[in-house]
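Worksheet for the structure shown next.
Protein chains: 2
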Amino acid sequence: MSTLIVPPHVPSVAEDCEQLHKAFEGWGTNERLIISILAHRNAGQRKAIRHAYAETYGKDLLKDLDKELSSDFERLVLLWTLDPPERDAVLTDEATKKWTKSNQVLVEIACTRPSKGLILVREAYHSRFKRSLEEDVAYHTTGDFRKLLLPLVSSYRYEGDEVNLRLAKSEAKILHEKIKGKHYSDDDVIRIVATRSKAQVNATLNEYKNEFGNDIIKDLEHDDDNEFLPILKATFECLVYPENYFEKVLREAINKRGTDEGALTRVVATRAEVDLKIIKDLYHKRNSVPLHRAIVKDTHGDYEKMLVALIGEDDA
Amino acid sequence: MSTLIVPPHVPSVAEDCEQLHKAFEGWGTNERLIISILAHRNAGQRKAIRHAYAETYGKDLLKDLDKELSSDFERLVLLWTLDPPERDAVLTDEATKKWTKSNQVLVEIACTRPSKGLILVREAYHSRFKRSLEEDVAYHTTGDFRKLLLPLVSSYRYEGDEVNLRLAKSEAKILHEKIKGKHYSDDDVIRIVATRSKAQVNATLNEYKNEFGNDIIKDLEHDDDNEFLPILKATFECLVYPENYFEKVLREAINKRGTDEGALTRVVATRAEVDLKIIKDLYHKRNSVPLHRAIVKDTHGDYEKMLVALIGEDDA
């Protein structure tokens, strides 16, 4: 389900390093060369390159990339090159520091990563920022938002398939009552979304639909005045329909007047090695235009080329 | 700081297994032999024995121990023989199911284990109970207790020594205001105890003492009507003065009319390989009697012998 294309014969790590080093030399930077290497190596290979680069040249590859590249292209290359947990640590740190009520990045990372993956993010956060993710989230948020976000980023959900249908029934009823009464940040609503396994939440939402007729996502849609509702809705979407959630983020980023490069970059960099193929197909279906065509229309230059490469549509 | 005595020449794992198997054979059980082996092997050795026992006899050593032993002795041997994260998973599961407002076992385990240790407990909880620790804790608790316990058991605190003194000052002030106003379960009080690193909480309590004259533990002592206060106090104690906390648990368990074997067993089984030596010294100082003498006075039989062995006072 990855869109990453790794060539059948990958050059040695030493060769990749040498080529990257060359790309930085002389007048100007060889962006095409950088894309041809980094956009076609998986996480393990990129990590090995970064390691070997430091050994060979005594410098951090990321710092050199930072020096040589600029704007959206730079951001995409840097995020992509980072090890996934470290990348998520950087993204959660930014989302926490610049936190606004409409920022859904914390929910996205807390709810779409595998349980152990989220622990690795928290570990990377420790080593990079000398603090814990949850302490920063708790410190920078307040009220209902803290009440939801703190347990979400601290979760270590059970990942087995076992589902308790009796419980799903009773918790579907709780959700329905609370949502009907507009008690969106009720203790039990938050307990259910923040602690139950994804399989269990899914079973609960099925019971909800069977029993009360509507998809819960639909029931969370009609309340323009409530600032908390969108983040609760995003939580359910990320837990149960992550690919649909990401398709929507891409759609909104691309349809926005001026394009939301931040969101586009984030989704492509974080999902290319995970489920971007599914997201891409969903995008095509939902928008009647292939994702790469929409991207080519909305972006340009090296940024465009790197995006197209990562979504698996260049000629590599 | 461990009280465990492992003999200089440990028999092979196969020999230990054979001896344990012999101890179960024929009329009666050879409890002395069981103690002489299990009470003198470290966690890694006990794990290897359990593994080899299953390989050799096709049976779970813990089930055989369960069948052959009884009452307090059985409980101590079983808890001790379990791998530490699995043992904590069992203890937290029991504490959650039989949860009462005065039960401090969840706080004790959440706040005295190293950060990675607590993650291992949550992992062991997944595999043993097919649910997450935090979902069970959230489900079985309510109100202020859930508000404190859920983030405590979900925490993955930063463990570096770095301390932010400015922050310690400002959070000491918050704690003082809230405690003075008896807002013990205030959002910020819980945020501070549940997310800050132990070093940071310690710095905050030092600032508290410098600025406001009293130890925070003292300020949390005078309110008989408040059910939440004892658990908040235990949280601070476990985070900053764990050995004092455990000494107090032992003291109260032993001084109680009839002895609280549950608490005595738990502290000895969980701390013997960690810091029981310090706790033992504190106990002696605080009670003017050595811990082993107090134990011998209050317990008897194989249970007494196993306790004495684990606190490092038998002739092994």
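Going down the list, the sequences are from chains A and B.
The numbers in the first sequence follow this note's numbering, run straight up by one, and end at 1221.
The numbers in the second sequence follow this note's numbering, run straight up by one, and end at 1221.
Here a beta-carbon is modelled for each residue, glycine too, at the ideal position from N, C-alpha and C.
The structure presented is a predicted model; accordingly, all values stated were derived computationally and were not measured.
Under the criterion of beta carbons closer than 8 Å, I1097(A) and L1110(A) do not qualify as touching, at roughly 10 Å.
Leaving aside the five residues that flank G949(B) on each side, none in its chain has a CB nearer than 6 Å to its CB. A direct Cα-Cα distance of roughly 36 Å separates R1062(A) from A959(A). The alpha-carbon separation between E979(A) and A1104(A) amounts to approximately 38 Å. Annotated three-state conformation of Q1009(B) is coil, per DSSP. With 16 or more neighbouring CB atoms inside 10 Å of its own CB, T1170(B) falls in the buried class. Rounded to whole angstroms, the separation of the alpha carbons of A1015(B) and E1040(B) is 15 Å. I1024, R1027, H1031, K1035, R1036, S1037, E1039, E1040: these are the residues of the region 1009-1042 of chain A whose beta carbon lies less than 7 Å from some beta carbon of chain B, given in chain order. With respect to the 8 Å criterion, D1128(B) and K1085(B) are not classified as neighbours on the basis of their beta carbons. Per DSSP, the continuous alpha helix (DSSP H) segment holding V1201(B) begins and ends at 1196-1203. Under the Cβ distance rule, E1132(A) does not count among the residues neighbouring chain B, no pair being separated by less than 8 Å. N1149(A): member of the alpha helix (DSSP H) spanning 1147-1160, first to last residue. A direct Cα-Cα distance of roughly 21 Å separates V915(B) from L983(B). At a beta-carbon threshold of 7 Å, the residues of chain B lying near R1062(A) are S1037, ordered along the chain. Scanning its chain for C-beta atoms nearer than 6 Å, with the 5 sequence neighbours on each side dropped, one finds around S907(B) the residues E1178, in chain order. Secondary structure note for R1071(B): its alpha helix (DSSP H) is the uninterrupted segment 1070-1085.
Taking all protein chains in view, the Cβ of S1037(A) is crowded by 16 or more other Cβ atoms within 10 Å, so the residue is classified as buried. Taking a C-beta cut-off of 8 Å against chain A, none of the residues of the region 986-1003 of chain B qualify. A1108(A) is the residue among A1108(A), D921(A), Y1089(A) whose C-alpha sits nearest the C-alpha of L1072(A).
For S1059(B), the chain A residues whose Cβ falls inside 8 Å of its Cβ are E1039, P1056, S1059, S1060, Y1061, in order along the chain.
Identification of chain B residues near E1067(A) by a Cβ-Cβ cut-off of 9 Å yields K1035, R1036, ordered along the chain. DSSP, reduced to helix, strand and coil, places A1174(B) within a helical segment of the structure shown. Nearest to E920(A) by C-alpha distance, out of T934(A), I954(A), L909(A), is I954(A). The region 1008-1022 of chain A makes contact with the region 1134-1149 of chain A: 3 or more CB pairs, one atom from each, lie closer than 8 Å. The beta carbon of G1217(A) sits closer than 6 Å to those of T908, I910, all from its chain and outside the five residues before and after it, given in chain order. Look at the region 1081-1103 of chain B: the residues with a C-beta under 8 Å from a C-beta of chain A are D1092, R1096, A1099, T1100, R1101, S1102.
In terms of Cβ geometry, A1077(A) and Y1113(A) form a close pair [threshold 8 Å]. In the DSSP assignment, W985(B) falls within the alpha helix (DSSP H) that extends over 976-986.
Around the beta-carbon of K964(A), fewer than 16 other beta-carbon atoms lie within 10 Å, marking it exposed. The alpha-carbon of V1145(A) is positioned some 27 Å away from that of K1003(A).
DSSP places G1048(B) inside the alpha helix (DSSP H), whose first and last residues are 1048-1059.
If you check the CB distance, H1197(A) and V1213(A) come in under 8 Å.
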